[in-house]
Each structure stands twice: as structure tokens, then as C-alpha cells.
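First up is the structure itself, then whatever we jot down about it.
Protein chains in written order, with this note's numbering: chain A, 367 to 674; chain B, 367 to 674.
See below:
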């Protein structure tokens, strides 16, 4: 059963025990554009104690550079690019390193600028994504749209992630690429979170967009690059020898049982679930021992608040 | 194994053998706005031979009245409202007769005017659907949209069907109603076709929209009103005593194995698959005997062409 972080001793024990603190962002660090209480203070405290702090997010709408801007904007300073691992970056790395897609091939993107930027940083050309032609006529679907009728023969991979600029045209073009060439173009999902938490409600998550084109095309994604997939954690371990040698020195902090907690657990890390996202205390306590988080807390900021 | 309709004798045998001819529309009668070859002649021939002709469509974007207009427009005259059974009508009837939703409750619609009209004809108030506030700002999603932040407490059912005016806002509001009140508001799917065939390509079908909100809300539809669900066929049988008494006197003609053919077979009718929609001859011939269509043909118009 998960141990609740509800006293100074328990909070201090966690700070002392781990060297690597990995954080999900949405629902842990912030909700929407609002930083959660005492998060900045908690991160400061950890850094003052020489802890390694890393951010691991499934939200593919932003690139790592975009995330640095977001941290600044909500009042967390001093984060560096190598501390941030997003599913947009993980997906781009997957396409380069695992698929080894030639750089003269293009990638069709159903998603936002984060995916485009990370791919472009690796030298790929993207199509779809934020192309204004896909949203210019957002209200009325045109079955003879130029991008629906003229598929690009150079597309060598399809990436699907979260976009709030979703429409029938984008879904239908994505489906064309997924069924093209006898369904042979690789189908990459940034992550499969069913919902996207904002400050006061749950919205449609990347996984729910992926389900739509998956059902339409009769295909499952060939790879899911976000949590709980271990490829992102392996990349983090490669950069952090101490964590690679002793995963038990790492704590994965998140708000979702089926992504964040599984991600940490599968990688040999201990886990801390915070209740500022989508899970409830009842849900946490109902978990079987084998999958229960190591700890849970009302909020990340309790690590700071309880130790003052 | 399915018998191919490839000669005068076989075509004539079919015309002679059945009294009731039930037709799917998209991919059988028309594709998009184009009537398929010799369809009008085939329907004339059947009517001249005193056959009962009925249209059974999963496309919920139109009401029965709208369908009459569409038949006229593409060159098929004389169709009457009682010859047309659409999934929008079937869904509205389900809400009235099976759910017995009080008339002072409202229905949230993710779909087109067809659903709204059929519900309004039964005395219900619909919200969502074609409300222009849901598409006015089609490009940029507003997380504080009035319809997302102010859920209507009188909504007593959610219907999801096909809409090409799809966006993230509509999906997210639909999800709010599906998770509202501990997920207790009934969730009705017009049909679960994964794709929507147009004249030259497959687009996203109602089922692929339903999958999205289903995955997001963690709910399966409580009812699917279109083919292959038998509620539509039972309604047809109720109006056609001869078919009810002898289902074997009926032939269901369609272009989909998993909806049209299953619909006919489950209801005791013989079946004819036409290759003008989404299936291929290879797929038809690969079916196990227990689920293979009785017949298949290159097109519906062959019944006319081959008997001249």
C-alpha cells in the first residue's frame, strides 16, 4: 500500500533518500498556465540539496525550448534544455535513431509546433502540423482540399500527438497516410494519455485523438514514445550515470497511475503520486500492492511545506 | 461461399426470389453526391415488379426528410418517408421508446442536423449539434468557452454521430457530459462505421469520432442504433408484416461486411454485397461460410443491366 506523505519526517525522508527527482509537468508542476502551490520552492529546496531535477512530460505540443520559456513564464527559473524530456523530443529521437528514417523523407504531423520543432532540429521536413491551410477554413470541411487529394509521396512516417486545433480534415488526411501503401508508413504516437488536465477540467488527450485515426485506419501505433514507454527513461539514464547504475536512487513524481507511476516502476525507480492531477486518494488506495505508488501526497509542494 | 451475380440467370433469380429489398445508401446507391451506375433503373425495375424497396442508412448527418431531398437531387424520384430508415431516426426513436427520456430533458448532440431534426420532430430540445457558437472560432480552441464551462443541467442523453464540422471544443464538451454525474448520462452512438466512403476516398466515420470520446471518458456507448443493431430492422419489420413473417423473403444489399451484411444475416434475411463501397472481392471470398454474404456483385446496377 502507498505511504502518504503527511508529516515532516516522511517529507524529509524522501528528500534525503533520493538523488534523482523526475517530474511529470501537467498536473504536478502546473495546471494549464498556473503553477501549483509551493512548487518553485520545492524545486529550489531540492537543488540546494544537490539533487538532480528532471522534467519528463507527455505533452507534445511544446518543444524542449518551448518548455524553457514556459518554466520562466510561470516563475521557475534556471531550467536547462538537458533537464527537459518531452514526448515531442522522444518521438523525434525515435524516428531518427530507431526508425533511422532518411533525412530526405518527410514526416506527416497531426499535432502542434513542439513536434515540428524537434523534428526540424534533427534535420527533417515536416508537413501537416501547424500548416495554416489545414485550419484556414475550420468550419466547413472541403472533401476536395488540396492536402487531402494530393498526398505527398515522400512521407516516410506519421506522428500523432495532442492538438487543440483539431478538425475533420486533419483527421482524414492523417488516415489517408495511415492506409497508404498498404498501411506500411510507420505510425508513431507521442503518448496515449486519454485526457489532458487543465486548471479546472479534463479535456481530450492525445490518446483520444490517436484512438480516432487508429480505429479509422485499422492500425495500432507502431510505437508510443511517451511515458510509460521506457525509451524516454533509457535516454535519461544514458545522460545520468548514477541513475543508470542505481535506479532506486530515483523518484518519479507524477499524477497518473497508468503513465507516470508505471513509467517509474518499470524503470526500477520509486514513485510518488500527487493528487493535483487526475487521480483521487481512493483510486490510489485501491491499487494492488504490485502496482501501488511508493508514496502519495496531496501536492508536490508538501515536500517544501512540511519541512519548513 | 458467396455466389457472384455475373449472369442474366442469377440476376433474374434474385429479382424473382425476394419481395423486400433493403438497401444501404452510401457505397450502394450513391457515393458522395454521385449516383452509382444504373441504380435508378434497378430501383424502377424492382418497383415495377411490385417489390418493396427500403433504404437503411447509418449516415446520421441527414434526417429522413433530408434523404428524400437527396434522392430527388441525384435523380431517384418517388421515394417516401416511410421507405427511409436512418440512424438519426433510429437514435431518436431509441431515446423516446427505450430510454423513455422525458420531453423536458435535453439531448447533447455531437453530430449534424439530421439528428437534431429527428429529435425535434419527437418533441425534444437539442443542444450542441449545429450550434454556430461551436464552430464560429474554429481555428483556436478556447478553454474558457461558454459551452464548455457551463454545462446544461437538463441534459439527459448524449448522442454521437458523424460530423465533418468536428473540432476539439465539440469533443471536449461531449466528454464533459459523458463524465458528468458519475458517468450516468446515457451515451448513444448513431452507428460505429469506422470510415465514411466518398466518391474517391475513405474519410473518418462516425465510429472513429465515437472512439475518441469513448476513450477520453472511459465509457463504451450504452447503445449503438445503426446497423448491425437489430432495433432498426425490428422497426422495419413492424411496418412490413410480410417481412416479419418471412424474413427469408428479404434481401439486404450493402457494401460493408461488418455492418450491412451482419445486419441482414442477424435478422434472418439473405444478403448481397456490392463492391462499389469499401469491400474487395478478395475480402468477400475470404469470409468463413457462416458469415459470407449470400451473393456479391460488382454493383447494384448489375441487377438491371444483366436482365435487359
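Note that beta-carbon positions come from the ideal geometry of N, C-alpha and C, so glycine has one too.
Step through the CB atoms of chain B and report whether any lies within less than 8 Å of the CB of residue i.
i             : result
residue 575/A : yes
residue 564/A : yes
residue 531/A : yes
residue 560/A : yes
residue 578/A : yes
DSSP three-state call for residue i: helix, strand or coil?
i             : result
residue 518/B : coil
residue 581/A : helix
residue 498/B : helix
residue 388/A : strand
residue 649/A : helix
residue 472/B : strand
residue 448/B : helix
residue 588/B : coil
residue 369/A : strand
residue 547/B : helix
residue 382/A : helix
residue 569/A : strand
residue 533/A : strand
residue 401/A : strand
residue 540/A : helix
residue 375/A : helix
residue 525/B : strand
residue 477/A : coil
Quick one: does residue i have its CB under 8 Å from some CB of chain A?
i             : result
residue 389/B : no
residue 653/B : no
residue 550/B : no
Mind pulling the chain A residues with CB within less than 8 Å of residue i?
i             : result
residue 571/B : 582
residue 534/B : 529, 530, 531, 532, 569 and 570
Would you kindly report the start and end of the unbroken beta strand (DSSP E) that includes residue i?
i             : result
residue 614/B : From DSSP, residue 614/B is part of no beta strand (DSSP E); its letter is neither H nor E.
residue 555/A : 553–555
residue 422/A : 418–423
residue 394/B : From DSSP, residue 394/B is part of no beta strand (DSSP E); its letter is neither H nor E.
residue 562/A : 561–563
residue 663/A : 661–663
residue 508/B : Note, residue 508/B: premise wrong, no beta strand (DSSP E); not H, not E.
residue 639/B : 636–640
Applying a beta-carbon distance threshold of less than 9 Å, which residues of chain A neighbour residue i?
i             : result
residue 587/B : The contacting residues do not exist; residue 587/B stays about 13 Å from chain A at best.
In terms of residue numbering, what span does the alpha helix (DSSP H) encompassing residue i cover?
i             : result
residue 670/B : 668–671
residue 408/B : 405–414
residue 628/A : 628–632
residue 490/B : No alpha helix (DSSP H) holds residue 490/B; DSSP gives it neither H nor E.
residue 456/B : 453–459
residue 434/B : 430–440
residue 600/A : 596–605
Assuming the contact rule is C-beta atoms closer than 8 Å, residue i and residue j should be a hit. Round their C-beta distance to whole Å, please.
i             : j             : result
residue 636/B : residue 673/B : Their Cβ separation, rounded to whole angstroms, is 18 Å, which puts residue 636/B and residue 673/B out of contact at 8 Å.
residue 453/A : residue 424/A : 5 Å
residue 640/B : residue 657/B : The Cβ separation is near 17 Å, so there is no contact.
residue 390/B : residue 566/B : Wrong, their Cβ atoms sit about 19 Å apart, outside the cutoff.
residue 496/B : residue 582/A : With a Cβ gap of about 23 Å, residue 496/B and residue 582/A do not count as contacting.
residue 526/B : residue 477/B : 6 Å
residue 524/B : residue 551/B : 6 Å
residue 417/B : residue 437/B : Not really, about 17 Å apart at Cβ, beyond 8 Å.
residue 592/A : residue 613/A : With 8 Å as the limit, residue 592/A and residue 613/A do not qualify as a contact, their Cβ atoms being about 19 Å apart.
residue 459/A : residue 421/A : Rounded, the Cβ-Cβ distance is 16 Å, inconsistent with contact.
residue 579/B : residue 537/B : 6 Å
residue 474/B : residue 440/B : Going by Cβ atoms, the distance from residue 474/B to residue 440/B rounds to 32 Å, so no, they are not a contact pair.
residue 448/A : residue 605/A : 7 Å
List, in chain order, every chain B residue whose beta-carbon is nearer than 7 Å to that of residue i.
i             : result
residue 538/A : 569 and 570
Taking residue i as the query, report the chain A residues whose CB atoms sit under 7 Å from its CB, ordered along the chain.
i             : result
residue 507/B : 530 and 531
Using 8 Å as the limit for Cβ to Cβ distance, is residue i near chain C?
i             : result
residue 541/A : In the structure shown, chain C cannot be found, because the protein chains are A and B.
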